[in-house]
Amino acid sequence: MDVVERVLVSKEQLDKQVEELGARISKDYQGQELVIIGVLKGGFIFLADLARKITIPVDLDFMSVSSYGNSSKSSGVVKIIKDVDTNITGKHVLIVEDIIDTGLTLNHLVELLKTRGPLSVKVCAALDKPSRRKVDLKVDYKGIEIPDEFVIGYGLDYAGKYRNIAEVCVLKREVYTKK
Ligand code: 5GP
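If you use our numbering, the sequence shown corresponds to residues 48 to 226, in order.
The structure is reproduced here in structure tokens:
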């Protein structure tokens with residue numbers, strides 16, 4: 048697509064990473080009651096791939112939180128648009144997110160879910176931008192580390208579009224600076 052500067056993470060790299068994470072999660076939660084919570088909208092493609100690499104029975108649910116809107120900078124404001132329907136009390140919880148940037152979103156979600164009496168709350172993300180972190184967040188299942196670039200594809204959008212690109216791509220800077 049003409050808004051793509053370059054491909055940062057190929058489909059092959061993503062598939063390999065997802066397979067590894069799926070195997071680890073299946074092993075770590077063997078015999079336990081696990082609720083996987085996908086963070087919408089960005090996490091939907093990663094979760095769809097990851098869920099099919101998990102070989103133990105799990106409950107799947109979704110939360111929707113406010114994103115960047117049409118800007119490429121985090122506001123730091125996390126608004127819950129849709130909460131989970133599942134009761135997580137006494138269960139293990141794994142939050143699945145597309146990307147960790149400042150860490151503010153996941154930090155907020157972890158603290159919120161912890162108030163509901165789960166056995167544990169852990170975090171899994173497809174992509175990580177560690178250089179941008181603003182909070183000390185423990186990422187239990189970490190995907191691919193990327194530099195401080197604004198990326199699209201593999202579930203990630205710019206102004207609501209481009210989530211359907213198969214690879215993780217750098218968005219052309221001129222696309223978000225011309226406004
Ligand atoms: P954080 O709260 O960690 O700063 O940001 C997390 C959310 O910001 C992600 O779930 C994602 O929606 C959005 N985000 C962070 N970095 C990027 C990026 O490079 N591209 C896109 N499309 N969204 C991003």
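Idealized CB from N, CA, C, for every residue including glycine.
Model, not experiment: these values are computed from the prediction.
Worksheet item: What do you reckon, are the CB atoms on Leu184 and Val215 nearer than 9 Å?
Response: No.
Worksheet item: Which class does Phe91 belong to by DSSP, given the choice of helix, strand or coil?
Response: DSSP places Phe91 in helix when its eight states are reduced to three.
Practice prompt. List the DSSP bridge partners of Lys189.
Written response: DSSP lists Ala172 as the bridge partner or partners of Lys189.
Fill in: Three-pair Cβ contact test at 8 Å for the region 173-187 versus the region 146-157
Yes, since at least three Cβ pairs between the region 173-187 and the region 146-157 fall closer than 8 Å, the two stretches touch.
Practice prompt. Locate the alpha helix (DSSP H) running through Arg71, then write down its first and last residues.
Written response: Start and end: 58-75.
Item to complete: State yes or no: is the C-beta of Lys100 within less than 9 Å of the C-beta of Ser57?
Response: No Cβ-Cβ contact shorter than 9 Å links Lys100 with Ser57.
Discussion item. Tell me the rounded alpha-carbon separation between Val86 and Lys219.
Written reply: Each residue's Cα considered, the two are about 26 Å apart.
Worksheet item: If you follow the alpha helix (DSSP H) that Leu153 is part of, which residue opens it and which one closes it?
Response: Segment 151-161, the alpha helix (DSSP H) holding Leu153.
Worksheet item: Since Val186 contacts Val50 with CB under 8 Å, what's their CB separation in whole angstroms?
Response: In fact, because the Cβ distance is near 29 Å, the residues do not count as touching under 8 Å.
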